[in-house]
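Numbering (our numbering), first residue to last: 19 to 188.
Glycine included, each C-beta is placed from N, C-alpha and C at the ideal position.
Here's the structure, in structure tokens; my notes come after.
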Amino acid sequence: MVSYRISHCISGPEIWQDTAGKLDIFVSGSGTGGTITGVGRYLKMKNPSIKVICVEALESSVLSSGRIGCHKIQGLSPGFVPDNLDRSVIDEIVTVSSEEAMLYARRIAREEGLLVGISSGAAFAAALKVGKRPENASKLITTILPSAGERYLSTELFSSIREECSNMSF
């Protein structure tokens with residue numbers, strides 16, 4: 019319950035303030051359920067028409083399809099419905115594959131200079147999917163990039179970069 023309260027009292031108001039209350043869609047992953055529940059409740063309290071979209075791993079889409087499986091998006095889709103998660107806050111669930119999540123995490127690093135983790139790549143990929151819909155063309159969409167990339171330097175996420183560096187000659 020602590021993560022829900024922190025998200026409700028800190029992250030929700032911060033997002034509301036930073037978007038000047040003009041937010042239309044909030045996209046968030048669900049691991050413990052705390053962030054999406056806390057932020058989602060806060061934002062819907064401020065404006066009930068805000069859509070809250072949950073990101074889950076395609077390979078373990080328990081919330082949307084009941085499917086339990088292995089995936090590489092650490093921090094998302096734990097294979098069960100967490101007690102912290104208030105499903106009534108969620109308007110839609112968007113699935114992202116592990117490969118998509120890693121692709122977008124690398125893209126954020128390359129194009130934006132932000133070293134993020136796999137769950138951040140998943141959140142970004144889902145936000146882009148939602149943003150590409152014609153009905154969302156003029157909507158303000160916000161997501162949280164929940165993971166930093168330094169813990170993934172030795173993983174598959176950055177294996178191509180490690181290989182490139184290993185092949186460099188000095």
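Which word fits residue i, buried or exposed, when buried means at least 16 other C-beta atoms lie within 10 angstroms of its C-beta?
{"i": "Phe188", "result": "exposed"}
{"i": "Cys72", "result": "buried"}
{"i": "Gly97", "result": "exposed"}
{"i": "Ile33", "result": "buried"}
{"i": "Asn102", "result": "buried"}
{"i": "Gly84", "result": "exposed"}
{"i": "Val99", "result": "exposed"}
{"i": "Ser29", "result": "buried"}
{"i": "Gly131", "result": "exposed"}
{"i": "Ser177", "result": "exposed"}
{"i": "Ile86", "result": "exposed"}
{"i": "Ile126", "result": "buried"}
{"i": "Ser116", "result": "buried"}
By Cβ distance, which residues of its chain are closer than 7 Å to residue i, with the 5 residues on each side in sequence left out?
{"i": "Thr161", "result": "Val45, Ser46, Ala141, Phe142 and Ala145"}
{"i": "Ile136", "result": "Lys90, Ile91, Gln92, Ala119, Met120, Ala123, Ser165, Tyr170 and Leu175"}
{"i": "Leu94", "result": "Gly47, Ser48, Gly49, Val73, Glu74, Ala75, Ser137 and Ala140"}
{"i": "Pro22", "result": "For clarity, residue 22 is Tyr in the given sequence; the question names Pro instead. So the list reads Gly52, Thr55, Gly56 and Asn102, once near-sequence residues are dropped."}
For chain B, check one thing: does any of its Cβ atoms lie closer than 7 Å to the Cβ of residue i?
{"i": "Ser115", "result": "Structure shown: chain B not included; a single protein chain is present."}
Among the residues of its own chain, which have a CB less than 8 Å from the CB of residue i, if the five just before and after it don't count?
{"i": "Val112", "result": "Val45, Ile71, Cys72, Val73, Glu74, Ala144, Lys147 and Val148"}
{"i": "Ser82", "result": "Glu74, Ile111 and Thr113"}
{"i": "Asn154", "result": "Asp42, Ile43 and Val148"}
{"i": "Arg105", "result": "Leu81 and Val99"}
{"i": "Thr37", "result": "Leu158 and Thr160"}
{"i": "Pro31", "result": "Tyr60"}
Tell me the DSSP bridge mates of residue i?
{"i": "Ala166", "result": "Val134"}
{"i": "Ile159", "result": "Ile43"}
Can you tell me the Cβ-Cβ gap for residue i and residue j, rounded? I've got them flagged as a contact below 8 Å.
{"i": "Thr53", "j": "Ser25", "result": "5 Å"}
{"i": "Lys40", "j": "Leu158", "result": "5 Å"}
For residue i, which residues of its own chain have a beta-carbon under 6 Å away from its beta-carbon, when the five flanking residues on both sides are left out?
{"i": "Lys69", "result": "Ile43 and Asp109"}
{"i": "Gly58", "result": "Val70 and Val107"}
Hey, which unbroken runs of the alpha helix (DSSP H) at 4 residues or more fall wholly within the stretch 61-140? 80-83 and 116-125
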